[in-house]
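**Student:**
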Amino acid sequence: MSERVIPPKPLSFPGGIHPAKDGKGLTEHKAVEKAPLLEDYVVLVSQNVGAPPKVTVKKGDAVKKGDILAEAGGFVSAALHSPTSGVITDIGEAPGPMGVNVPAIFIKADGLDEWSDKLPAGLNWREASADELKSRIASSGIVGMGGAAFPTHVKLSPPPDKKIDCVILNGAECEPYLTADHRLMVETPERVLAGAAIMGKILGVENIAIGVELNKPDAIAALEARAQEYGVKIVGLKVQYPQGSEKQLIYAITGRCVPTGGLPMDAGCVVQNVATAAAIYDAVAEGHPLIERVVTITGDIVVNPGNYLVRIGTPVIKLVEWASGVKSEPRKLILGGPMMGFAQKSYNVPVSKNTSGVLLLGGAEIIQYESSSCIRCGMCVRGCPMHLSPGPLSMLIENEKFDLAGQNHVMDCLECGACAYACPAHRPLVQHMRRAKAEIRRAGKK
Amino acid sequence: MSEENKSAIMMPKADDLILSSSPHIHSDVNVRKIMLKVILALVPALIASVIFFGWDAVRVIVITALSAVVAEGLWLWLAKRPLTPLRDLSALLTGLLLAMNLPSNASWWICVVGGFLAIWVGKQVFGGLGHNIFNPALVARVALLIALPAAMTTWTPTGGLLEKNMRLPSGENVSITTVAESEAPAVISCATPLGEAAELKRTPNGAATFAPITEKSDYVKYFLGERLGSLGETSCLALLIGGIALMFMKLIKWQIPIFFIATVAVFTAIVHLCAPAMTPPPLFHLLTGGLLLGAFFMATDMVTSPMTTGGCILFGVGCGVITCVIRIWGGYPEGVSFSILLMNALVPLIDRLFQLRPFGYVRKRA
Ligand code: SF4
Ligand code: SF4
Chain C
56 MSERVIPPKP LSFPGGIHPA KDGKGLTEHK AVEKAPLLED YVVLVSQNVG
106 APPKVTVKKG DAVKKGDILA EAGGFVSAAL HSPTSGVITD IGEAPGPMGV
156 NVPAIFIKAD GLDEWSDKLP AGLNWREASA DELKSRIASS GIVGMGGAAF
206 PTHVKLSPPP DKKIDCVILN GAECEPYLTA DHRLMVETPE RVLAGAAIMG
256 KILGVENIAI GVELNKPDAI AALEARAQEY GVKIVGLKVQ YPQGSEKQLI
306 YAITGRCVPT GGLPMDAGCV VQNVATAAAI YDAVAEGHPL IERVVTITGD
356 IVVNPGNYLV RIGTPVIKLV EWASGVKSEP RKLILGGPMM GFAQKSYNVP
406 VSKNTSGVLL LGGAEIIQYE SSSCIRCGMC VRGCPMHLSP GPLSMLIENE
456 KFDLAGQNHV MDCLECGACA YACPAHRPLV QHMRRAKAEI RRAGKK
Chain H
35 MSEENKSAIM MPKADDLILS SSPHIHSDVN VRKIMLKVIL ALVPALIASV
85 IFFGWDAVRV IVITALSAVV AEGLWLWLAK RPLTPLRDLS ALLTGLLLAM
135 NLPSNASWWI CVVGGFLAIW VGKQVFGGLG HNIFNPALVA RVALLIALPA
185 AMTTWTPTGG LLEKNMRLPS GENVSITTVA ESEAPAVISC ATPLGEAAEL
235 KRTPNGAATF APITEKSDYV KYFLGERLGS LGETSCLALL IGGIALMFMK
285 LIKWQIPIFF IATVAVFTAI VHLCAPAMTP PPLFHLLTGG LLLGAFFMAT
335 DMVTSPMTTG GCILFGVGCG VITCVIRIWG GYPEGVSFSI LLMNALVPLI
385 DRLFQLRPFG YVRKRA
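Heads up: the sequence lines are chains C and H, in that order. Here our numbering is used: the first residue of the first sequence is 56, the next is one more, and so on. Here our numbering is used: the first residue of the second sequence is 35, the next is one more, and so on.
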């Protein structure tokens, strides 16, 4: 089962786009550098989907690296740990990734960077029981690091009526510019593979696959060299956006369709990001909670773009500094990739568990498009991985016909941006979809 | 990253970051580029029209295109709207397409009225580009055809065609001199091949034969464009060059022209086989009239054609069937324009019929 599975016609999904410029060349060959220790860290309290964790420290408390800062606030929640040793200087607010200020814990580092002595011992994952492994993942504060930030232990606890027979790791990294996952797979493939095997063990699944886009042959080779030991299949995927979207990835690898409105488990699959798998391995084998991750700092105007292993809570401005600053004034700061990332208004926004990249755009890359009427060219329809008709949908939404938009399946939209990327009339299709989804959810709640 | 050069590096100032929704990158296509490419694809046909119809073609093309652009600008100005839509070149394209559908001897005011009809009645009253149901150029052409049937179907050979290809509807070749000697009226008008076919069909007792217009040398002429007809429809060669380029650039949905043309071929082949006196053979139908111009350039207008693959196939087949019905049994010798307009009207219905199912769609049990 661990043979290389690169079919003659690379696996893919119907629809999708090929962004003209992938920007990965800026950083894909740059080894991950360990970021220097900072004096101040700002750890946002809520870094997961679901209930925010409950802060358990107070101002003035001394903490060690890996100490609990906040406990999970429920089952669908994740604990938070200190990125270094030092003192809690404040519990207040800091700029969050969604543009508003959010609760945050401020830590002044003592420069010693000492691990906590309360950390659990490393486990031999091949011998540990599934429950032991799962509770270790839960207590280590691991969430989906590809962007979703969904608590990982929840995904690994499917309801008993859903039979899971396939674990899929997302190494597609289909977002242009980002290379954090790529470097992770090239440099520490064994962590990714072991993390995958651990998830397989927890779910009692032997069918484990890692999907990697074919534009990362070095990652595929590195994983493959060790794949056999872990009983993991490496699957080459066509370079096509959004190959790394859960539903599209499941289809590409297994040929199964997640039913509309359903979750991967409805197709018998659990999908996790490769970075999440590596974090799982660290938590299990080393007892280390999730306090650092690889982040790509990139953009054509960045002097020295690269990949850094940074602590959660590092303000983004520091990454820009490590990358030797910028060549010209950026007009956009984006957390995540250019297709689905969020524009920021402050460089003080800290790195969260799901921050895979920091992208600076400026100069000619910023064009403020004027949108015009839909010319019904159908490019959005061809590009939509969910096979919606974004153009006609957006016209319904413009006329505030939200229920009609709902009947036309707007709720299935992934907000992947493929349609808006392709639209020659520059229509704000993703905003329209978001608006309709919000309206429909609101109407549903009433 | 060292301390010394830290002071030298340029750090962002963070005061005017743009907050906008994803995606943050965009493909470099835009409406203007699409229109420009379609216009370029029309260039071979434009050149062919000048070769065959001479300066009259230039006159018609320039006046019609200009009127369309002026009409667009005037409408926007009257409606107190920004003139930016002019930049998308769609009015110019509409004007050029209309010119391709006019006879070379169309008088200047027909061109002007046509340009205004296309833009105002065909497009702007619906709300501008993207909101029109019918192909604007065809709206103008058909309106002119109905209002001024004589002017629109009087095909006077001009330019290079003046000396050549003079043939009376009976199929008998004449030359300028013989016409002059027989004291023909000052305006010489002849028929298009389709008109000739309609004429031949009227031969009594069902003894019609299309032999005089379907010889091998005739086909070569039809293919190259040495025949009468609207400006842009005559040269199959030029239209094929442009049409194939459009298909390769994926600017038109290939299903529309291919199914349109194939339907005409199959339909006329069947009729011709069953009743040779009813209609000329299929090749004649493919090479004459406005079929190629209609199939490649008029039916494929993005705004007025279906969005899905299945819809495009149905649309193409529908255009083909209606064209044949009009050509064979209808009152007009040519049916391409009418068929496209009729199918334009059905597009919303076709789109509904071929509604895409979302990925992973499962029909909910009622
Ligand atoms: S891509 Fe834009 S212009 Fe084309 S059909 Fe979609 S929304 Fe309309
Ligand atoms: S953003 Fe939504 S509508 Fe647009 S391509 Fe992605 S899934 Fe389709």
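In this text, a Cβ means the ideal position worked out from N, Cα and C, and glycines have one as well.
CB-CB under 7 Å to residue 264 of chain H, same chain, minus the five flanking residues each way: which ones, in chain order?
**Tutor:** Excluding positions up to five away in sequence, the list reads 134, 135, 136, 137 and 324.
**Student:** Can you tell me whether residue 424 of chain C is helix, strand or coil according to DSSP?
**Tutor:** In this structure, residue 424 of chain C counts as coil in the three-state DSSP scheme.
**Student:** Going along the chain, which unbroken runs of the alpha helix (DSSP H) with 4 or more residues stay wholly within the region 62-137 of chain H?
**Tutor:** Counting whole runs of 4 or more residues, the region 62-137 of chain H contains the alpha helix (DSSP H) stretches 65-87, 89-112 and 124-134.
**Student:** Pop quiz: residue 251 of chain C and residue 265 of chain C are said to be a contact at Cβ under 8 Å. What is the actual Cβ separation, rounded to whole angstroms?
**Tutor:** Going by Cβ atoms, the distance from residue 251 of chain C to residue 265 of chain C rounds to 6 Å, so yes, they are a contact pair.
**Student:** Going by C-alpha distance, which of C:96, C:191, C:398 and C:173 is nearest residue 146 of chain C?
**Tutor:** Ranking C:96, C:191, C:398 and C:173 by Cα distance to residue 146 of chain C puts C:96 first.
**Student:** Could you name the residues of the same chain whose beta carbon sits closer than 7 Å to that of residue 300 of chain C, not counting the 5 residues immediately before and after it, in chain order?
**Tutor:** Around residue 300 of chain C: 440, 469 and 471.
**Student:** Along chain C, in chain order, which residues have C-beta atoms closer than 7 Å to that of residue 63 of chain H?
**Tutor:** In chain order: 479.
**Student:** What do you get for residue 401 of chain H, buried or exposed, if any count of 16 or more other CB atoms within 10 angstroms of its CB means buried?
**Tutor:** Lying outside 35 to 400, the shown extent of chain H, residue 401 of chain H is not represented and no answer is given.
**Student:** Distance cutoff 7 Å, beta carbons only. Does residue 348 of chain C sit that close to anything in chain H?
**Tutor:** No, its Cβ sits nowhere closer than 7 Å to a Cβ of chain H.
**Student:** What residues in its chain sit with their C-beta under 7 Å from that of residue 226 of chain C, if we drop five residues either side in the sequence?
**Tutor:** Contacts found: 236, 240, 265, 266, 267, 274 and 329.
**Student:** What's the C-alpha gap between residue 455 of chain C and residue 491 of chain C?
**Tutor:** Answer to the nearest angstrom: the Cα atoms are 8 Å apart.
**Student:** Give, in chain order, every residue of the region 388-401 of chain C whose Cβ lies closer than 9 Å to some Cβ of chain H.
**Tutor:** Going along the region 388-401 of chain C in chain order, one finds 388, 389, 391, 392, 393, 394, 395, 396, 397, 398, 399, 400 and 401 with a Cβ nearer than 9 Å to chain H.
**Student:** On a CA-only basis, which of H:231, H:297 and H:366 is nearest residue 184 of chain H? Give me that one, please.
**Tutor:** The shortest Cα separation from residue 184 of chain H among H:231, H:297 and H:366 belongs to H:366.
**Student:** Under 7 Å Cβ-Cβ, which residues of chain A neighbour residue 431 of chain C?
**Tutor:** Among the protein chains of the structure shown, namely C and H, there is no chain A.
**Student:** If you run the structure through DSSP and keep just helix, strand and coil, what is residue 236 of chain H?
**Tutor:** Reduced to three states, the DSSP call for residue 236 of chain H is coil.
**Student:** Alpha helix (DSSP H) containing residue 458 of chain C: first to last residue?
**Tutor:** That run of the alpha helix (DSSP H) goes 457-462.
**Student:** Going by DSSP in three states, residue 170 of chain C sits in which element: helix, strand or coil?
**Tutor:** It is a strand residue.
**Student:** What's the C-alpha gap between residue 169 of chain H and residue 337 of chain H?
**Tutor:** When rounded, the distance between both Cα atoms is 8 Å.
**Student:** Between residue 470 of chain C and ligand 2, is the CB less than 6 Å from at least one heavy atom?
**Tutor:** It does: the Cβ of residue 470 of chain C is within 6 Å (strictly closer) of some heavy atom of ligand 2.
**Student:** Count the other C-beta atoms from every protein chain shown that fall within 10 angstroms of the C-beta of residue 75 of chain H, then say buried if there are 16 or more, exposed otherwise.
**Tutor:** Residue 75 of chain H should be labelled buried.
**Student:** What are the boundary residues of the alpha helix (DSSP H) that residue 256 of chain C is part of?
**Tutor:** 244-258 is the span of the alpha helix (DSSP H), which, as asked, contains residue 256 of chain C.
**Student:** Are residue 140 of chain C and residue 167 of chain C closer than 7 Å when you measure CB to CB?
**Tutor:** Yes, the Cβ-Cβ distance between residue 140 of chain C and residue 167 of chain C is below 7 Å.
**Student:** Indicate, with yes or no, if ligand 2 has a heavy atom lying under 6 Å from the CB of residue 485 of chain C.
**Tutor:** Yes, the beta carbon of residue 485 of chain C sits closer than 6 Å to at least one heavy atom of ligand 2.
**Student:** Of all the options C:344, C:464 and C:350, which has the alpha carbon lying nearest to the alpha carbon of residue 196 of chain C?
**Tutor:** Residue C:344 is the option with its Cα nearest to residue 196 of chain C.
**Student:** Looking at ligand 2, does it come within less than 6 Å of residue 113 of chain H, judged from the CB to the closest heavy atom?
**Tutor:** No, ligand 2 has no heavy atom inside 6 Å of this Cβ.
**Student:** Of the residues H:307, H:122, H:129 and H:142, which one's Cα is nearest the Cα of residue 173 of chain H?
**Tutor:** The residue with the shortest Cα to Cα distance from residue 173 of chain H is H:129.
**Student:** Using a Cβ-Cβ distance cut-off of 7 Å, determine whether residue 351 of chain C contacts chain H.
**Tutor:** Closer than 7 Å: no.
**Student:** Kindly indicate the opening and closing residues of the alpha helix (DSSP H) around residue 272 of chain C.
**Tutor:** Counting along the chain, the alpha helix (DSSP H) containing residue 272 of chain C begins and ends at 272-285.
**Student:** Is there a Cβ from chain H that is less than 7 Å from the Cβ of residue 449 of chain C?
**Tutor:** Residue 449 of chain C does not count as touching chain H.
**Student:** Would you list the one or two residues that DSSP bridges to residue 158 of chain C?
**Tutor:** Residue 158 of chain C pairs with C:148.
**Student:** Could you give the DSSP three-state label for residue 470 of chain C: helix, strand or coil?
**Tutor:** Residue 470 of chain C: coil per DSSP, three-state reduction.
**Student:** Just the chain C side, please: which residues come within less than 9 Å of residue 68 of chain H by C-beta, in chain order?
**Tutor:** Per Cβ cutoff of 9 Å: 430, 432 and 479.
**Student:** Going by alpha carbons, who is nearest to residue 172 of chain C out of C:118, C:352 and C:150?
**Tutor:** Taking only the C-alpha atoms, the option nearest residue 172 of chain C is C:118.
**Student:** What three-state label does DSSP hand residue 197 of chain C in the structure shown?
**Tutor:** Residue state, collapsed to three classes: coil.
**Student:** Report all residues for which the CB-ligand distance to some heavy atom of ligand 1 is below 7 Å; order them along the chain.
**Tutor:** So the residues near ligand 1 by this Cβ test are C:429, C:430, C:431, C:432, C:433, C:434, C:435, C:436, C:445, C:446, C:449, C:474, C:477, C:478, C:479, C:480, C:482, C:484 and H:341.
**Student:** Can you pull the chain H residues whose beta carbon is under 9 Å from the beta carbon of residue 6 of chain C, in chain order?
**Tutor:** A query on residue 6 of chain C cannot be resolved here, the shown segment of chain C reaching from 56 to 501 and no further.
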